[in-house]
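Colleague: This is the structure, below, for whatever I ask next.
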Amino acid sequence: MIILPNYKNVYFLARGENAKVLRSVGLTLYQKEGNHPKPIPVNVIEDLNELPSVDIVILAVKNYSLEEVAEDIFSKFGDKPVILALQNGVENQKVLPKYFSKVIYGVVIISAWRDDPGVFGYMVKGYLVIGTLDDDFQSEIREIKNILKLGITIRILKNIQDAVHTKLIFNLSNAILTLIDYKNIHTSSIPKLRKIIYNYMLEGIKIVQAKGYKEHRLPGLLPWKSIESAANEDNEAANKMFITQIHTPGPNSMEQDKIIRHKSESELVYLNGYIIALTDSLGMEAPYNRIIYKLCKKNFQKKPYQPLDIEVVWKKIIENIST
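My numbering numbers the first residue of the sequence shown as -9 and each following residue consecutively.
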């Protein structure tokens, strides 16, 4: 948010209690384990009609809200603004081109969460990679980079699809860590959780590779080769490292939706469902992904939602793989 003092015409579209706090108090950003800093004053609008025009729109909404938001922006501003889309997965590649001709896609590497309206935490200051599907709009991309580099490390990529699918592999585990009560897992069950997550991700890697996508190294995320190596390890040191890895970041986005904010929506179909669709289109097998997706679809509908015990999920996986 260092860009705010340098650019006065930056506006946040917010509604409800979030808008009220942002307008009256400001935006509070803090690093985990750190003290809450002084709130940052921000410009807030609750309706797009409050602005006569815009040059750039940064879309950071979840995939399940994307179509509605895109329609709203188009109805007000038409195809004039440049869109920077920061969603996980590829749903934005389906939705946004229906409304806008200048769409730039971004992959954000940061662990962040909302504590309260207007109050957001993060682990470490992350970074952003951006690009287009056809390597066009280079002047617009450079302009966005020059603006955002005041607040975040940013790089331009020629093949954004590889970065999108590299991060998607890690997004897949969000569903598992929302489905399973991993915070209260018994030590004896840690190897099972490790096996579920690593096999789940390895299946995803094989699927996206079969589709023609390659790994784009994203610092902060385990390399694909390291995932394969970790999947083959089975010792106490590996288990301890694994638990540290899943507990160190803040709550993932799906966990925030289903467990913390008790929302009915999640991005399950847009992330994990996409991998299932790819699997089917390629005629491949992905038993871990398929059973986890099935369990999530069923259990995420329950109200109030409660995570499952690891042993329940493990039993379902074994039954599915052995049939």
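Glycine included, each C-beta is placed from N, C-alpha and C at the ideal position.
Report yes if the CB atom of K204 is closer than 8 Å to the CB atom of D125, and no otherwise.
Modeller: no
Colleague: Buried or exposed for E58, going by 16 or more other Cβ atoms inside 10 Å?
Modeller: exposed
Colleague: In three-state DSSP terms, what is V11?
Modeller: Three-state DSSP puts V11 in a helix.
Colleague: Excluding sequence positions up to five away, which residues of its chain have a Cβ less than 8 Å from the Cβ of D62?
Modeller: L38
Colleague: Where in the stretch 77 to 132 do unbroken runs of the alpha helix (DSSP H), each at least 4 residues long, occur, reported from the N-terminal end onward?
Modeller: 81 to 85
Colleague: According to the neighbour-count rule (16 or more other Cβ atoms, all chains shown, within 10 Å of its Cβ), is N161 buried or exposed?
Modeller: buried
Colleague: What first and last residue would you give for the beta strand (DSSP E) that runs through R251?
Modeller: First-last for R251: undefined, no H or E at that position.
Colleague: Is the stretch 80 to 98 in contact with the stretch 290 to 306, if contact means three or more CB pairs nearer than 8 Å?
Modeller: no
Colleague: With DSSP collapsed to three states, give me the class of T269.
Modeller: helix
Colleague: Could you give the uninterrupted runs of the alpha helix (DSSP H) lying entirely in the stretch 181 to 254, keeping only those of 4 residues or more?
Modeller: Here the runs fully enclosed are 214 to 221 and 226 to 237.
Colleague: Thinking just about the alpha-carbon of each residue, which of K292, V0 and M244 is nearest to the one in N33?
Modeller: V0
Colleague: So, at 6 Å on beta carbons, what are the nonlocal neighbours of K148 in its own chain, with the 5 sequence-adjacent residues on each side left out?
Modeller: D125
Colleague: Find out if the Cβ-Cβ distance for the pair I166, I187 is shorter than 8 Å.
Modeller: The criterion of a C-beta distance shorter than 8 Å is satisfied by I166 and I187.
Colleague: Could you spell out where the beta strand (DSSP E) holding T18 opens and where it closes?
Modeller: T18 to Q21
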